[in-house]
Structure formats: C-alpha cells, structure tokens
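For the sequence shown, my numbering puts the final residue at 827, and the numbers step up evenly by one.
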Amino acid sequence: MIRKMSIHNVASFAERVDMQLKNVNIVFGANGTGKTTISRVIENHNQGGYDDCDIQWHKKVDAHVYNKDFISRNFNEKSQVPGVYTLGEKSTEIEERIDEKTQEKEKINQEIDQLNDKVQKCTKKLNRLKSDFESRVWDETHNYRKNLKKALRGPLNSKERFLSFVKDIELSSDNLDSFDALQSEYDVWFAKSTPVKRKQASLLSVQTLEEIESNNLLGEVITGQKDNPIAKLIRDNKNDDWVHKGMNYVSGPESLCPFCQRKLNDTIFISLRDYFDEDYEKKLQTLETMRSSYLKNIEELMGKIDGFVQQEKNYQDVSELQEMINDFILITQNNQQKITKKIDHPNEKVTLTDSKATIDAINGILVEMNTSIDKHNSDVDNIKDKREDLSRRIEQRLRFDVKGHIDDYENEIKKANKDLRNQVTQKKEKMTEAEKITQAIKDLRKEITDIGPTIDSINNILWEFGFTNFSLKQDDNRQGYYKVVRSDGTLVKETLSEGEIKFISFLYFYHMLEGTLEKDQTKNDCVVVIDDPVSSLDSAVLFIVSTLIRNLIEQCLKGGETSVKQLILLSHNVYFHNAITRNFSRKKKKDQNKISYFIISKIEETSNLNEYTENPIQSTYDLLWKSVRNCKHGDSKEKTYQTSAASVLNNMRRILEFYLSHICDCSLNELTKEFQGEEKLIYQALTKYLHEGSHNVFDDFDVSLHGLDVKKCVGVFERTFKLMGHSDHCRLMMHEHNN
Numbered sequence: 089m090i091r092k093m094s095i096h097n098v099a100s101f102a103e104r105v106d107m108q109l110k111n112v113n114i115v116f117g118a119n120g121t122g123k124t125t126i127s128r129v130i131e132n133h134n135q136g137g138y139d140d141c142d143i144q145w146h147k148k149v150d151a152h153v154y155n156k157d158f159i160s161r162n163f164n165e166k167s168q169v170p171g172v173y174t175l176g177e178k179s180t181e182i183e184e185r186i187d188e189k190t191q192e193k194e195k196i197n198q199e200i201d202q203l204n205d206k207v208q209k210c211t212k213k214l215n216r217l218k219s220d221f222e223s224r225v226w227d228e229t230h231n232y233r234k235n236l237k238k239a240l241r242g243p244l245n246s247k248e249r250f251l252s253f254v255k256d257i258e259l260s261s262d263n264l265d266s267f268d269a270l271q272s273e274y275d276v277w278f279a280k281s282t283p284v285k286r287k288q289a290s291l292l293s294v295q296t297l298e299e300i301e302s303n304n305l306l307g308e309v310i311t312g313q314k315d316n317p318i319a320k321l322i323r324d325n326k327n328d329d330w331v332h333k334g335m336n337y338v339s340g341p342e343s344l345c346p347f348c349q350r351k352l353n354d355t356i357f358i359s360l361r362d363y364f365d366e367d368y369e370k371k372l373q374t375l376e377t378m379r380s381s382y383l384k385n386i387e388e389l390m391g392k393i394d395g396f397v398q399q400e401k402n403y404q405d406v407s408e409l410q411e412m413i414n415d416f417i418l419i420t421q422n423n424q425q426k427i428t429k430k431i432d433h434p435n436e437k438v439t440l441t442d443s444k445a446t447i448d449a450i451n452g453i454l455v456e457m458n459t460s461i462d463k464h465n466s467d468v469d470n471i472k473d474k475r476e477d478l479s480r481r482i483e484q485r486l487r488f489d490v491k492g493h494i495d496d497y498e499n500e501i502k503k504a505n506k507d508l509r510n511q512v513t514q515k516k517e518k519m520t521e522a523e524k525i526t527q528a529i530k531d532l533r534k535e536i537t538d539i540g541p542t543i544d545s546i547n548n549i550l551w552e553f554g555f556t557n558f559s560l561k562q563d564d565n566r567q568g569y570y571k572v573v574r575s576d577g578t579l580v581k582e583t584l585s586e587g588e589i590k591f592i593s594f595l596y597f598y599h600m601l602e603g604t605l606e607k608d609q610t611k612n613d614c615v616v617v618i619d620d621p622v623s624s625l626d627s628a629v630l631f632i633v634s635t636l637i638r639n640l641i642e643q644c645l646k647g648g649e650t651s652v653k654q655l656i657l658l659s660h661n662v663y664f665h666n667a668i669t670r671n672f673s674r675k676k677k678k679d680q681n682k683i684s685y686f687i688i689s690k691i692e693e694t695s696n697l698n699e700y701t702e703n704p705i706q707s708t709y710d711l712l713w714k715s716v717r718n719c720k721h722g723d724s725k726e727k728t729y730q731t732s733a734a735s736v737l738n739n740m741r742r743i744l745e746f747y748l749s750h751i752c753d754c755s756l757n758e759l760t761k762e763f764q765g766e767e768k769l770i771y772q773a774l775t776k777y778l779h780e781g782s783h784n785v786f787d788d789f790d791v792s793l794h795g796l797d798v799k800k801c802v803g804v805f806e807r808t809f810k811l812m813g814h815s816d817h818c819r820l821m822m823h824e825h826n827n
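Structure (structure tokens):
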C-alpha cells in the first residue's frame, strides 16, 4: 500500500500537495482540477517528468491505473486487446493445489518480509556505526585539521573521504613526535613566508678566563719591603691595605697623619713611602688589569651567546643552554668579586672558581644546536622534501591518535557485516524457494487458465445493459487476444461511441484485476487507481459500475487473501460519488477509519487538495450552491471548492434549471430583456443550454467562457432569483437568511 504521496511541479500542481492515504481513498473535484495527474503520478512516477513527486510505500506492490491513458492504450482506434486469463472449470483438484501453493508462497513471503526487516536493521546498524565512528574521529582530529591543515594530504572538505584517508595511513613506527613538537615545526615550514637560514653559534674561548682564574698572584700575600723599619708594625697588624689607602692622603713630610692627625716627620714619611715600593704597586696594577680583562672577556662571551639564544629560542629548546649560561654568570660574578676583594686586600689569598667545565658544557650544547641549525639550513635548501617528511610524520601521529577508534570500529563493523551476510543468505534461500513455488503455480495455471471466461463475463454484462451491437470475441489470428466486433462479426474499429468505449474499457480493466495478461502469470497484490469511470454513461450503466467499484471497496476493507489492497477513486460526478459512499456511515468504526476523503480544486490555475475525516459531499444541489457561495463570500472553509469562472457559471446554470425551471416551472427566457450590456451576456450564457441534454441536476456539463468577472456572474444569478420571486430561497442557500 501507498502510505503517502507528494505531488509538485507537474501539470497544475505548482505548489506541493501531500496525501496521506488509507485503504480506500475518495477524491472528488471538478474536471480540469488535476485528478488525472494524480493517477499519472502513481502510474509513471519512476519515469521522467516526475522528479519532484514522491511515493512512500508501506509495502511496494503493483499499481493498476484506469484513466484516459488506459483507454487510449487499449481501445481508442484499436480492435484487438490482450486477453485476460482467469481460472476455468477444468480441475478442482488443480485449483486446490494452486491455493495450497499460494498459501505456502504467502508464508514464505512473510518470512522474506521479516528477513527484509532484519536486513534493514543490520544496514541501519552499519550506517549508525559508520556515522558514530566518523563523528568520533572527526572530533578527535579537529586540532590537526585546524592547526596543521596545510600538511595534511587528504581531503578536508568531506568527513567520509577524510576518514577513508585516515584509515589508509599505515603506521610505520611507534616512535612518534608529539603534537606540540609537530606544531612547532609546522609553524616554521608551512608559514606564509619561506623559512630563512640561521646562523650557527661560535664556540666560546676559555683561554683568557682560564689564565686569569689560575693566576698565582691571586693566591700570593702581597706586602711591602720586609726590611723597612715600619714593616714589622704593619705586618703584625695586617694593615698593609689600610695603610696603603691612607698614603693616598699624605702629600709629603710635615703632612698630617691620616690616622692620628699628627705631623709626620721625615723619617716616618720616608719609611711609609718606601714600604710600598714599586713591586707592590706593580702587583696591584696587575690585579686591576686582570679584573678589567676578566670583565671584558665575559662581556664579549655573553654578547655572542645572548644573540644566539634570542635567535634559537624561536626554533629549538634553549632551556638547557640558558641554565648553563646562568651557571656561568654566577661563577664569573663570584670570581669578579674575589678579584675585587684581592685588590682591596692584597695581603689576603683568594682562589677563583674554574669556569672551564661550564664553558665546555655550553660549547657542547652549542655543537648540538649547530648540528640542528645545519640540518635546518639544509632543509631550507630542500624545503619541498622537508615539507613532505613533516606531512608524513604529522599523518603518522594523527593515525596513531585515532588507532583505538579505528580498531574498535573495524571489530564492530566486522561483526555487523557477518550478521548482515547471514540475513542476506537466508533471504536469498527463501527467495529461491518462493521462485520455485511461483514456477510451480505458473505450471499449474497453464493447465486450467483461459481467456474465455472473461469474454463470457464481459459480454453478459454488455448484453444485460443493452449493448447488443458489439461484443468481445477471441481473435483466431492472434492467440491470447480479444477483438471487439459488431453483431455481424465485423471489427468495430473507431465506430464505438464514447459511452461504449468507456463501459467496455472499464469492464476490461475490472476483469484484469481478477485475472492476468499472461497464461502462466501469478496474481500479485496491487493498488488500484480509478479516474472518472462514469463520464458519458447513463444511469443504468452508472449503477453497474458503482456496484463493481463497491465490490473493490469491500475487498480493500476486508483485506485477507484478496489481491486488491488499496483503492484510490477519483471522480467529478456527485451522483456517482454518493452512490459509492452512501453506506459508508453505517460501517463499523474500524472500517470507517480505513477510508479517507479528499476534495481537489484549482485556484488561479494551481491545484489544491484538502483531506476530510468524513464525507464532505452531502448532496449535488448543496454542492452547486457551495461553489457559488465561495465565489461571493470567499469563506475560508469553502475555498477548497473554488472553481474557474466557466465552472461556476455552469453550476449556476444547473441550479437555475433544476430549481426555477423544473421545480418552480418558471420561464427564464422572458427575463432576458431585464438585463443590459455585460449582464445580458452573462444571463444568456446562464440560460442558453437549459433545455439541452438530460434534464436533471446530475448531468455533467461544461461551459467555456473567458474574461468574465465571477462576482458579476453571481450578481446576475441572484437577481434572476429576485426577478422570479424566489429571493428568499436564494438567500437561504447563500447562507444570508435570518431564520
């Protein structure tokens, strides 16, 4: 059965129309509103021109459609049609065997349906596993795609293709760089500007520092002349540096002593002066020179090393180097303080810390860093190869990071695929079983099926309803075909009337539902679509057609073994509609719930469809007034029955004919003189065809008028009732009455 269908961008369905379908679906609407389009969508939706239409099935079955296309294919200007094979009366035993095989096949089909459900569940599980896996890996690799995207050689604009690319990466080693390390390299080699070569560091020389730090003068007690008369006093008190500084304030004999503020005599002055001889001063000067040289050498070394650190901290880890530099600074600062102390206290010994070991360590680090710089400079010269290598290492890291997700997914997908294969295998086995049974049924049907019973059934109906001038006959020249012949045996060719073609084509279609077009063909479940089966038929024929269709409706409502599972009936004839639906209100609630009603209409050349839970068509007469009310008032509840100007004019004509002319016996032709201009034209259109055709409210009649104002037509219509003295009835039917 069809669960839902959508119609869009075909014929007059400019706007999307959706239909929720049940077992029995009654669609009512005037000619030209789009009923035939609905039938064509169901019959041809897989063909071109219906791309925006969609049909959703509960279960896919055959679709048999009766419409003008069916009539044209089989009866218009044709004298031969394919025969309909039905069971004959040759063998009750064979029929019973066919029934048994059919039931057996139905049971297997149910098992196939169950396996189909399991296959769908397995497929959904596979899709869910894939979707979950893709989402996990996609989230896990966000930083790679955001921060390292230039290095990734796979597609980044498709989740599915990117995941396929990641899965195909082969891990070559577990010794992988960290993401942060790769990020640092990426920032260098995939930067907007091309990387530049870096300068290598010069190794630090320790010779000067080593000479100063090992100078023996630092460990020597520096004093004045030992044989000087005042030497013993100065040495015993260890006042060499104190006395030496005080001599800076003595200008000569008779000067005040800087310590006791007494005048120095010549003897003391000369003794003090001679105590700090040339050798003493020379050693102090040597110490000063050592201090200056030591400081200068350190400054030169630090100048070189600081510039290198500033360069390299953007490329490699300089923390170890910086730590050693800090150690070196502490050592040299301490040594400088000791040299200064020696200068201030020459008579004290000092020992400097050896900085050679620290310098050697710094140089060792610089050698390693220079090696890295040398590699960098080589990579700059071969940047394409460098980027390729970096891309490979980034992809290796990425693949490693999602390895757990991939392994879990592949294990789960392996189990799910195994389950799917098992279900598919079982399904194939059951389908093979069903095919064997189908072939057995075909072989049995060949023994007892024939096209003769269908001919007899159709001809009996034709004769019962007065169609005695033509009938169906088996074609002797073409096995399995009918021909339509006159009573004298001649082919009818194109001489059948529209009513005759309509009736015989419907009978043929109806019997097709009971039989098959091939001798060995099995009967399948189907959806039946019938579009306007009673146009141009008289009331007697309409009765038999209605009876046959009610039989189809009962089949759909009962379900069970019947092949007709769903019926979609489309009609414009109110009498036929009421004949079909007149007993629906008496049906049990469960059956009423299987029936849906629709009214199709056309507003400004666009088809619209409204669904109803109850039968919206109450009577022909009220329906005609309904279209007129809608044109005047635009009642939103009645817009579903909006029609064209010509259709409304025709409906007003039918009201005038039925009520004023037949019920009230009024002469409408005498009123022509009461109207002038365009109103006169409208009135003439309303009354011109009053006495042509069948005089009842149910006849089908079309008037084609263009350019008329619909509301003016309604005004002329209402004035006609007033002129004839029946304005109260008009107001009543237009819902404008007070009581």
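For glycine and all other residues, C-beta sits at the position ideal for the given N, C-alpha and C.
Could you pull out every residue in the same chain whose Cβ sits closer than 7 Å to the Cβ of residue i, ignoring the five residues on either side in sequence?
i	result
Ser559	Asn547, Leu550, Val573
Phe250	Gly242, Pro243, Leu244
Ser545	His599
Asn557	Arg574, Ser575
Asp394	none
Asp467	Lys474
Grab me the residues of residue i's own chain with a C-beta within less than 8 Å of its C-beta, minus the 5 sequence neighbours each way, in chain order.
i	result
Phe488	Leu259, Asp262, Leu264
Leu811	Leu759, Glu762
Leu744	Leu756, Leu774, Thr775, Leu778, Phe805, Thr808
Glu192	Ile525
Ser479	Ala239, Leu240, Arg241
Val271	The amino acid occupying residue 271 in the given sequence is Gln; Val does not appear at that position. Result list for Gln271: Asn235, Leu236, in chain order.
Taking only the alpha-carbon atoms, compute the straight-line gap between residue i and residue j and give it to the nearest angstrom.
i	j	result
Lys714	Met822	8 Å
Asn739	Leu712	5 Å
Thr808	Ile126	38 Å
Thr190	Leu579	39 Å
Phe221	Val276	33 Å
Glu411	Thr446	10 Å
Thr650	Leu508	33 Å
Thr635	Lys677	22 Å
Asp187	Lys611	12 Å
Gln425	Asn231	53 Å
Ile95	Lys280	54 Å
Ala522	Lys206	18 Å
Val98	Lys503	46 Å
Gly540	Ser593	17 Å
Which same chain residues end up closer than 6 Å to residue i when comparing Cβ atoms and leaving out the 5 residues on each side of it in sequence?
i	result
Asp797	none
Cys801	Leu737, Ile770
Gln730	With a pLDDT of only 45 at Gln730, under the threshold of 50, the placement of this residue in the model should not be trusted, and no figure is reported.
Tyr700	Tyr685
Kindly indicate which three-state DSSP category residue i falls into: helix, strand or coil?
i	result
Ser815	helix
Thr377	helix
Ser585	coil
Thr296	helix
Pro283	coil
Ile257	coil
Met600	helix
Tyr382	helix
Pro621	coil
Pro170	strand
Leu560	strand
Arg104	coil
Arg807	helix
Met822	coil
Beta-carbon of residue i versus every beta-carbon of chain B: anything under 8 Å?
i	result
Ile413	The structure shown contains no chain B; it is built from a single protein chain.
Would you mind giving the Cβ-Cβ distance between residue i and residue j, rounded to the nearest angstrom? I have them listed as a contact below 8 Å.
i	j	result
Leu657	Cys644	Wrong, their Cβ atoms sit about 10 Å apart, outside the cutoff.
Lys92	Met107	7 Å
Leu409	Leu292	Rounded, the Cβ-Cβ distance is 11 Å, inconsistent with contact.
Thr296	Ser381	7 Å
Leu75	Ala289	This structure cannot settle anything about residue 75, because the visible part of the chain is limited to 89 through 827.
Lys36	Lys682	Residue 36 cannot be examined here, being either before or after the span of the chain that is shown, 89 to 827.
Flag residue i as yes when its Cβ comes closer than 7 Å to any non-hydrogen atom of the ligand ZN, and as no otherwise.
i	result
Glu692	Absence of the ligand ZN is noted for the structure shown, with no ligands found whatsoever.
Counting only runs that start and end within the segment 112-151, where is the alpha helix (DSSP H) found for 4 or more residues in a row? With a minimum length of 4 residues, the continuous alpha helix (DSSP H) runs that stay inside the segment 112-151 are 123-132.
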